[in-house]
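Working notes, structure below.
Protein chains: 2
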Amino acid sequence: MKIEDEIKQPTFSDVYQKGLINILYTAGWIGQRNTIQLKQYGITAPQFNVLRILRGQHPKPATVNLLIERMLDKTSNASRIVDKLELKKLVTRTVCPSNRRAVDIRITEAGLQLLSEIDIVFAQEPQLRNLTEAEAIQLNDLLDKIRD
Amino acid sequence: MKIEDEIKQPTFSDVYQKGLINILYTAGWIGQRNTIQLKQYGITAPQFNVLRILRGQHPKPATVNLLIERMLDKTSNASRIVDKLELKKLVTRTVCPSNRRAVDIRITEAGLQLLSEIDIVFAQEPQLRNLTEAEAIQLNDLLDKIRD
DNA sequence: CAACATTAAATGTATGTACATATATTTGCA
DNA sequence: TGCAAATATATGTACATACATTTAATGTTG
Numbered sequence: 001m002k003i004e005d006e007i008k009q010p011t012f013s014d015v016y017q018k019g020l021i022n023i024l025y026t027a028g029w030i031g032q033r034n035t036i037q038l039k040q041y042g043i044t045a046p047q048f049n050v051l052r053i054l055r056g057q058h059p060k061p062a063t064v065n066l067l068i069e070r071m072l073d074k075t076s077n078a079s080r081i082v083d084k085l086e087l088k089k090l091v092t093r094t095v096c097p098s099n100r101r102a103v104d105i106r107i108t109e110a111g112l113q114l115l116s117e118i119d120i121v122f123a124q125e126p127q128l129r130n131l132t133e134a135e136a137i138q139l140n141d142l143l144d145k146i147r148d
Numbered sequence: 149m150k151i152e153d154e155i156k157q158p159t160f161s162d163v164y165q166k167g168l169i170n171i172l173y174t175a176g177w178i179g180q181r182n183t184i185q186l187k188q189y190g191i192t193a194p195q196f197n198v199l200r201i202l203r204g205q206h207p208k209p210a211t212v213n214l215l216i217e218r219m220l221d222k223t224s225n226a227s228r229i230v231d232k233l234e235l236k237k238l239v240t241r242t243v244c245p246s247n248r249r250a251v252d253i254r255i256t257e258a259g260l261q262l263l264s265e266i267d268i269v270f271a272q273e274p275q276l277r278n279l280t281e282a283e284a285i286q287l288n289d290l291l292d293k294i295r296d
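Which chain is which? The protein sequence lines are Y and V, in order.
Count the first sequence with the numbering used here and you get residues 1 to 148, in order.
Count the second sequence with the numbering used here and you get residues 149 to 296, in order.
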């Protein structure tokens with residue numbers, strides 16, 4: 001559905017303004033779908049994001065700093081997201097031996113197991129399925145260009 | 149900058165997965181810029197969004213339901229965003245005479261004045277300035293197609 | 001018209017975002 | 001060496017998100 005109809009705004013000042021709104025709206029639309037899918041696994045989208053970063057590092061640990069660098073939303077509070085994951089036994093947190101200011105965060109076996117379950121479900125229901133491969137590449141190029 | 153470098157993830161499972169992450173990341177990037185600009189006017193992005201909807205209705209009132217319909221994030225809590233705007237005297241809230249369950253929300257003169265100031269600043273610093281008009285149109289088409 | 005369902009908004013709770021500040025550790029250098 | 005600056009993380013506060021529940025008004029129907 002066209003963005004004009006989605007938010008019931010018949011006109012925009014120009015196509016740039018419209019593009020801006022469209023990115024924000026579409027991101028919210030995707031985020032909501034993700035939230036719903038993740039809910040049945042008892043985690044939120046930022047928690048899922050952190051778990052995937054930790055799996056990428058596994059079996060090496062990550063620090064809070066590394067998580068902040070790689071999170072989609074760099075200003076969010078990684079400490080408290082790790083708190084929640086630790087409560088669910090999906091990650092461990094130990095003082096880094098070589099730098100006692102830092103904290104080594106590791107994904108647990110339970111965390112890896114949970115991610116692999118979610119992977120299967122997400123793979124079965126591919127996102128952006130409406131785009132051809134060429135269109136998906138085009139989209140990536142346009143988005144990268146916006147942030148130049 | 150390419151999304152691979154932004155979040156330091158050298159590869160993605162496919163170009164669709166990459167596009168998905170790219171939309172979420174770019175939306176966050178835009179949102180952060182907006183937040184910073186709006187901060188000097190003492191309002192947040194959702195509050196700004198609600199004010200613009202109310203200006204679109206002006207001088208007619210809007211209900212909370214209408215706001216929810218038109219907000220970029222439809223699941224957010226419009227009641228409490230209106231609370232904050234009312235405290236700042238940017239909107240008024242009166243019981244709707246024809247349906248005493250509903251509330252008529254109107255933007256005040258101060259609210260209109262604030263929006264016109266922000267408009268000037270935003271117009272001077274156009275968003276998506278790196279795209280040509282043709283590219284912006286292409287982007288809108290791709291995003292609309294994703295949500296089909 | 002009374003009882004129940006529906007609708008509109010507000011409120012409660014857990015989590016996350018944004019940002020300032022605090023605490024502990026390490027580093028650099030006078 | 002000792003002390004200030006820098007670094008790594010945690011904590012506090014205000015606001016927003018997500019969603020369940022509550023309150024009040026309006027519709028509906030036997």
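By construction, the Cβ of each residue, glycine as well, lies at the ideal position given by its N, Cα and C atoms.
Keep in mind the model is a prediction, meaning the values are calculated, not measured.
With a cut-off of 8 Å on the beta carbons, I'd call L38(Y) and G167(V) a contact; round off their distance for me. Within the first sequence, the letter at position 38 stands for residue 38(Y). Within the second sequence, the letter at position 19 stands for residue 167(V). About 19 Å separates the two Cβ atoms, so there is no contact after all.
Looking only at C-alpha atoms, which of F122(Y), I146(Y), Y25(Y) sits nearest to D221(V)? Along the second sequence, read from residue 1 onward, the residue named residue 221(V) stands at position 73. Considering only alpha carbons, the answer is Y25(Y).
Closer than 8 Å, CB to CB, is V160(Y) near chain V or not? There is no way to answer for residue 160(Y), as the model of chain Y reaches only from 1 to 148.
DSSP state of A250(V), grouped into three classes? Against the second sequence, residue 250(V) aligns to sequence position 102. Reduced to three states, the DSSP call for A250(V) is coil.
Which first and last residues belong to the beta strand (DSSP E) in which T183(V) is found? Residue numbering aside, residue 183(V) sits at position 35 when the second sequence is read from its first letter. Per DSSP, T183(V) belongs to no beta strand (DSSP E); it is in the alpha helix (DSSP H), 163 to 187.
Say whether chain Y places a C-beta atom closer than 8 Å to the C-beta of Q195(V). As a first step, residue 195(V) is located in the second sequence; it is residue number 47 there, counting from the start. So, not an interface residue.
Are the C-beta of K145(Y) and some C-beta of chain V separated by less than 8 Å? Locating residue 145(Y) in the first sequence gives position 145, where the first residue counts as 1. It does; some Cβ of chain V falls within 8 Å.
What is the residue span of the beta strand (DSSP E) that R52(Y) lies within? Along the first sequence, one-based indexing puts residue 52(Y) at 52. Careful: R52(Y) lies outside any beta strand (DSSP E), inside the alpha helix (DSSP H) at 45 to 57.
If you run the structure through DSSP and keep just helix, strand and coil, what is R80(Y)? As a working mapping, residue 80(Y) is identified with position 80 in the first sequence. In this structure, R80(Y) counts as helix in the three-state DSSP scheme.
Can you tell me the Cα-Cα spacing of N197(V) and I268(V), whole angstroms? Translated into positions along the second sequence, residue 197(V) becomes position 49. Translated into positions along the second sequence, residue 268(V) becomes position 120. Cα to Cα, the separation comes out at about 16 Å.
Would you call the CB atoms of K145(Y) and L279(V) closer than 8 Å? Along the first sequence, read from residue 1 onward, the residue named residue 145(Y) stands at position 145. Along the second sequence, read from residue 1 onward, the residue named residue 279(V) stands at position 131. Cβ atoms of K145(Y) and L279(V): closer than 8 Å.
Cut-off 8 Å between Cβ atoms - residues of its own chain near L136(Y), not counting five sequence neighbours on either side: Counting from 1 along the first sequence, the entry for residue 136(Y) is found at position 136. Residue 136(Y) is actually Ala in this sequence, not Leu. Within the same chain, A136(Y) has close Cβ partners L128.
Among residues of its own chain, excluding the 5 on either side of L114(Y), which ones have a beta-carbon nearer than 7 Å to its beta-carbon? Indexing the first sequence from 1 puts residue 114(Y) at position 114. So the list reads Y41, L90, once near-sequence residues are dropped.
Examine chain Y for any beta-carbon lying closer than 8 Å to the beta-carbon of G176(V), and answer yes or no. Taking the first residue of the second sequence as position 1, residue 176(V) is located at position 28. Judged by the 8 Å Cβ criterion, G176(V) is in contact with chain Y.
Could you tell me whether any Cβ in chain V is nearer than 8 Å to the Cβ of L85(Y)? The sequence position of residue 85(Y) within the first sequence is 85, counting from 1. Answer no: the Cβ-Cβ gap between L85(Y) and chain V never drops below 8 Å.
By how many angstroms is the C-alpha of L291(V) removed from the C-alpha of A45(Y)? Here residue 45(Y) corresponds to residue number 45 of the first sequence, with the count starting at 1. Here residue 291(V) corresponds to residue number 143 of the second sequence, with the count starting at 1. Straight-line Cα distance between these residues: approximately 21 Å.
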